[in-house]
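Everything below concerns the one structure shown next.
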Amino acid sequence: MSTMLAAQARFAAMVDKVLVSAGSAVIPAVLTASPAFPDDEGDGGARWSVRVVLLSIGGAASASASANDPLRLPGDRPALIAPGQAPPPRANDHLEVAGERYRLITAEDRSVGLGLVFRADLRPEGPEESP
């Protein structure tokens, strides 16, 4: 068990090093759990600080990818989310990044099951969509 904890600590240190290297590309954000899907502690609607890297949108490649994926729309934004002490992000949770609100369409663990980095698709929300 201690070997697993040591591996997790090393991976977490590596993620932090990458995020520090990214500098201003890492944006502090607020993750709000969807009240429709409360977790075991009943935290539906709770808010946590997370770190986000908004990924570039690949033009024609992105448009063709969204055309082949029924979940994604052309305006969706790919991102990496480092939850830190927050619970794992889930589809339908909300994210506030640099004054913009997004709804998570997808959120997949990209840290070998350790819950340290998630690849997500974010959909911009209009004022009428805010909870």
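full-length UniProt numbering puts the sequence shown at residues 1 to 131.
Glycine is no exception: its CB is placed at the ideal position from the N, C-alpha and C atoms.
In the DSSP assignment, E125 forms no beta bridge with any residue. DSSP places L104 inside the beta strand (DSSP E), whose first and last residues are 100-109. In the DSSP assignment, L80 falls within the unbroken beta strand (DSSP E) covering 77-82. Residue state for R90 is assigned as coil, using DSSP reduced to three classes. The beta carbon of G75 is closer than 8 Å to those of R123, P124 in its chain, skipping five residues each way along the sequence. A straight-line Cα-Cα distance of about 20 Å links V30 and R110.
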